[in-house]
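Undergrad: Please see the structure below; I have some questions.
Numbering (our numbering), first residue to last: 80 to 331.
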């Protein structure tokens with residue numbers, strides 16, 4: 080198992096000299112570029128970029144039965160990782176522990192596989208010609224989670240990261256249950272779609288606060304804090320455009 084400095088996951092105080100810090104950043108980038116998920120990442124981006132070519136020459140597919148089963152599978156997988164991370168954390172020395180955990184390792188693997196499978200969200204959108212749903216936020220979130228989950232499984236299967244992944248797993252249990260319900264009953268409008276976005280904003284707010292405390296008091300790197308802050312900002316921007324900005328038009 081690589082050390083924090085080896086993978087570029089220490090903060091300035093723990094790494095020391097600037098040259099060593101730079102080496103840590105370069106090691107981190109190098110390891111990300113050589114992740115087994117990188118080819119999948121590249122294919123995914125190519126699919127997104129050239130999706131219009133497919134849509135110009137095909138008719139939209141319904142895929143209702145497939146979507147019901149798919150969302151159920153994703154919901155169950157996220158339930159497994161949620162329970163697994165919670166179990167591992169209960170048997171960890173403390174919540175910011177940065178030592179490899181044999182109890183958590185299988186669930187880090189399952190989490191990575193789950194994030195890989197969830198790329199099918201985008202594939203199904205392309206097949207159904209749901210162009211507007213394939214936003215920058217959607218693509219960035221799915222593609223970054225693919226690489227981050229792979230990196231976490233291979234290099235940092237620590238209890239210190241498990242709380243963030245447990246929260247994410249819980250949110251995805253709720254999300255994929257909702258998606259499954261709307262696929263099963265497409266004519267039924269569930270009231271809590273707006274609340275799901277609020278839940279996601281809360282999730283990423285907790286993430287960057289947790290990572291910020293880890294950075295200041297426990298020698299965490301800055302990456303987690305910046306990622307959580309960035310995702311919170313992106314989701315808040317989406318929420319404002321989707322719900323708040325539309326309110327005046329609806330009231331007229």
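Glycine included, each C-beta is placed from N, C-alpha and C at the ideal position.
1. Roughly how many angstroms separate the alpha carbons of residue 231 and residue 140, rounded to a whole number?
2. What is the C-beta distance between residue 236 and residue 187, in whole angstroms, given that I count them as a contact (C-beta under 8 Å)?
3. Note down the Cα distance separating residue 142 from residue 207, rounded to an integer number of angstroms.
4. Does the distance from the C-beta atom of residue 262 to that of residue 156 stay below 7 Å?
5. Find the nearest neighbour of residue 308 within the set 285, 295, 324, judged by alpha-carbon distance.
6. Run the CB neighbour count on residue 322, radius 10 Å, all protein chains shown included, and call it buried at 16 or more, exposed below.
7. Measuring straight from C-alpha to C-alpha, what distance separates residue 214 and residue 291?
8. Can you check whether the CB of residue 248 is closer than 7 Å to the CB of residue 161?
9. Alpha carbon to alpha carbon, how far is residue 171 from residue 205? Give it in angstroms, no decimals.
10. What residue does the alpha helix (DSSP H) around residue 271 start on, and which one ends it?
11. Within 10 Å of its beta-carbon, does residue 129 have 16 or more other beta-carbons around it, so buried, or fewer, so exposed?
12. On the DSSP letters alone, give me the boundaries of the alpha helix (DSSP H) that residue 203 sits inside.
13. Return the residue from the list 169, 119, 144 that minimises the CA-CA distance to residue 242.
14. With burial defined as no fewer than 16 other Cβ atoms inside 10 Å of the residue's Cβ, what is the status of residue 252: buried or exposed?
15. Which residues bound the alpha helix (DSSP H) around residue 333?
16. Alpha carbon to alpha carbon, what distance is there between residue 134 and residue 299?
17. CA-CA distance, residue 178 and residue 238?
18. Going by C-alpha to C-alpha distance, which of 202, 176, 158 sits closest to residue 127?
19. For residue 273, which residues from the same chain have a beta carbon less than 6 Å from its beta carbon, with the 5 sequence-adjacent residues on both sides left out?
20. Quick check for students: name the residue ranges of the alpha helix (DSSP H) that lie wholly in the region 246-324, counting only runs of 4 or more.
21. Label residue 312 either buried or exposed according to how many other C-beta atoms from any shown protein chain fall within 10 Å of its C-beta, with 16 as the threshold for buried.
22. Comparing the CB of residue 173 with every heavy atom of the ligand NAD, is any distance shorter than 6 Å?
23. Rounded to the nearest angstrom, what separates residue 123 and residue 192 at their Cα positions?
24. Return the Cβ separation of residue 255 and residue 153 in integer angstroms, given the expectation that the two are a contact with Cβ distance under 8 Å.
TA: In terms of the structure at hand:
1. 35 Å
2. 4 Å
3. 8 Å
4. no
5. 285
6. exposed
7. 28 Å
8. yes
9. 42 Å
10. Note, residue 271: premise wrong, no alpha helix (DSSP H); not H, not E.
11. exposed
12. 199-206
13. 169
14. buried
15. There is no way to answer for residue 333, as the model of the chain reaches only from 80 to 331.
16. 44 Å
17. 7 Å
18. 202
19. 322
20. 272-296, 302-318
21. exposed
22. With respect to the ligand NAD, the structure shown offers nothing to examine, as it has no ligands at all.
23. 15 Å
24. 4 Å
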